[in-house]
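Participant: Each step along the sequence shown adds one to the number in full-length UniProt numbering, with nothing skipped, and position 109 is 109. Dropping the structure in here first, questions after.
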Amino acid sequence: MFPMSGSAAVAAFGGAFPQVFPPGVVVSEQGSTPRFVYGVLEGRVETVVTTGQRESTVELHGPGSLLGLWSALGDETSPHAVRTCARTRLLVIPVDTLRALYDREPSFAREVTSMIVRQVGRAQAALADQKLRSAAERLARWLAETTQPERLGSWVKLPISKQLLASYIGTTPEHLAKGFIQLKDYGVEVRRKEVLVRDIASLRSFAQLDHATRNAA
């Protein structure tokens, strides 16, 4: 279903239209009744949950993601807000268009259902991380999963800000800084907006990822 170009996406979803948003724009509010589903064509967005004066980034989404599926198909209010992290190009899809396509196209319905299942799986994994791993272990997992093997031993610009990274892994900027210090023994260095990773296997071992995989098997 995704990724696809803007013109192909518009053709696939009648009534949909592409729109460009600058960084920091709240595209949909937490608790709102969904009128649109958003497909990420370019850029990056975050889903954010707020309680009182506190907020947390639930997940980060890049090109190929469809946001708001659960709320749109279940006719529920949105459990989170959607906010752009960078200049982002979204496909804005009316909810009625999505529901009609879901009802009449079995292959589309299967793909959407699979996407929802994957989203739920990621949410469950994130919840397990919060309960079972320290902030440093969560940071190690994120680095292990996002570092490209060909960039090992090289300085690479962080794809997101440290403040956003801290929110995403469920910690504070102060504890994030301490986590980077703790990971020095596992081949990680950081300077300003750049990070250097030498050994993904060490990070996986520190985060107990392989141990978790063996237990799940």
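All C-beta atoms, glycine included, are put in the ideal place defined by N, C-alpha and C.
1) Just to confirm before moving on: does the CB-CB distance between residue 68 and residue 78 stay below 8 Å?
2) Going by DSSP, which residues form a beta bridge with residue 74?
3) Cutting at 8 Å between CB atoms, please list the residues of its own chain near residue 158, excluding the five before and the five after it.
4) Classify residue 57: buried if its beta carbon has 16 or more other beta carbons within 10 angstroms, exposed otherwise.
5) Report the start-end ranges of each alpha helix (DSSP H) in the segment 17-104 that is 4 residues or longer and not cut off at the edges.
6) For a test of the three-state rule: what should DSSP assign to residue 138, helix, strand or coil?
7) For residue 24 and residue 84, which I take to be in contact (beta-carbon distance under 8 Å), what is that distance rounded to the nearest angstrom?
8) With a threshold of 16 other CB atoms inside 10 Å of the CB of residue 174, please say whether the residue is buried or exposed.
9) Which of the three DSSP states is assigned to residue 162 in this structure?
10) Taking the continuous alpha helix (DSSP H) assigned at residue 178, which residues delimit it?
11) Measuring alpha carbon to alpha carbon, tell me which of 126, 187, 109, 95 ends up nearest residue 171.
12) Does the segment 21-38 come close enough to the segment 100-119 that 3 or more CB-CB pairs lie under 8 Å?
13) Quick check: what's the CA-CA separation for residue 215 versus residue 132?
14) What distance in whole Å lies between the Cβ atoms of residue 72 and residue 45, which are believed to be in contact at a cut-off of 8 Å?
15) State the Cα-Cα distance for the pair residue 99 and residue 109, rounded to the nearest angstrom.
16) Please tell me whether residue 135 and residue 160 are closer than 8 Å, where the distance is taken between their beta carbons.
17) If residue 200 sits next to residue 144, beta carbons under 8 Å apart, how far is it from one beta carbon to the other, in whole angstroms?
18) Mind reading off the beta-carbon distance from residue 20 to residue 47? Whole number of angstroms is fine, and I expect it under 8 Å.
19) Taking buried to mean at least 16 other C-beta atoms within 10 Å of its own C-beta, is residue 49 buried or exposed?
20) What whole-angstrom Cβ distance do residue 141 and residue 207 have, given they're in contact under 8 Å?
21) Assign residue 137 to buried or exposed, taking buried as 16 or more other Cβ atoms, counted over all protein chains shown, within 10 Å of its Cβ.
22) Here's the rule: buried if 16 or more other CB atoms are within 10 angstroms of the residue's CB, otherwise exposed. What is residue 219?
Facilitator: So, to answer that:
1) yes
2) Residue 74 pairs with nothing; no bridge assigned.
3) 165, 193, 194, 195
4) buried
5) 69-74, 95-104
6) helix
7) 6 Å
8) exposed
9) helix
10) 173-182
11) 126
12) no
13) Because residue 215 sits at a pLDDT of 44, beneath the cut-off of 50, its placement in the model cannot be relied upon, and the point is left open.
14) Contact flag wrong, Cβ pair sits at about 16 Å.
15) 9 Å
16) no
17) 5 Å
18) Not really, about 20 Å apart at Cβ, beyond 8 Å.
19) exposed
20) 4 Å
21) buried
22) Coverage of the chain is limited to positions 1 through 217, which leaves residue 219 absent and any answer about it impossible.
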